[in-house]
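In this note's numbering, the protein residues as written are 21 to 184.
Positions of the beta carbon are idealized from the N, C-alpha and C atoms, including for glycine.
Okay, so here's the structure we're looking at.
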């Protein structure tokens, strides 16, 4: 199948969520190269955006450069430490805006996150744009409501995890 015959897909990655759920569930890191290979085999990748937090950490900067080399656009938001000691740094609104902006030009969307807050967005994309959205996440750390709102839920397995 040529690239022209493949459905156009948009990929949206909640990097923090995928990092922490894979570490918690599997004690391993997500393999973005393997994921990209699977996606590009099945789809014409129209856009791929990874949403991450910037902490000024050299190791994180190297990881973000790896994502760019694979083909992801990396969007960064500063890590915010609140006065009470809690932290803030999620991309839910940014991911939502980008998914809505890209909806009209795609045949399918893929969201990597376990955050149930995205269920409403997936329902809106399906109803307003008839746009299916698959979700990739860790089985036990992905909200049931998100799994139910996805066109397909793909449990992250060994094929998408880096070996130690």
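Q: Classify residue 32 as helix, strand or coil using the three-state DSSP reduction.
A: Here residue 32 sits in strand by DSSP.
Q: Return yes when the Cβ of residue 160 is within less than 9 Å of the Cβ of residue 174, no when it is not.
A: The answer is no: Cβ separation not under 9 Å.
Q.
Going by DSSP in three states, residue 77 sits in which element: helix, strand or coil?
A. In this structure, residue 77 counts as coil in the three-state DSSP scheme.
Q. DSSP three-state call for residue 157: helix, strand or coil?
A. In the structure shown, residue 157 sits in a strand (DSSP, three-state: E or B).
Q | Three-state secondary structure (DSSP) of residue 173 | A | Here residue 173 sits in strand by DSSP.
Q: Count the other C-beta atoms from every protein chain shown that fall within 10 angstroms of the C-beta of residue 34, then say buried if there are 16 or more, exposed otherwise.
A: Taking all protein chains shown into account, residue 34 has 16 or more neighbouring C-beta atoms within 10 Å of its C-beta and is therefore buried.
Q: Indicate the three-state DSSP secondary structure (helix, strand or coil) for residue 103 in the structure shown.
A: If DSSP states are grouped into helix, strand and coil, residue 103 belongs with coil.
**Q.** Nearest neighbour of residue 59, chosen from 46, 182 and 131 [CA to CA]
**A.** Looking at the Cα atoms, 131 is the closest of the given residues.
Q | DSSP state of residue 168 mapped onto helix, strand, coil | A | In the three-state scheme derived from DSSP, where H, G and I count as helix and E and B as strand, residue 168 is classed as helix.
(Q) Taking the alpha-carbon of residue 93 as reference, which of 115, 46 and 27 has the nearest alpha-carbon? (A) Closest option to residue 93, Cα to Cα, is 115.
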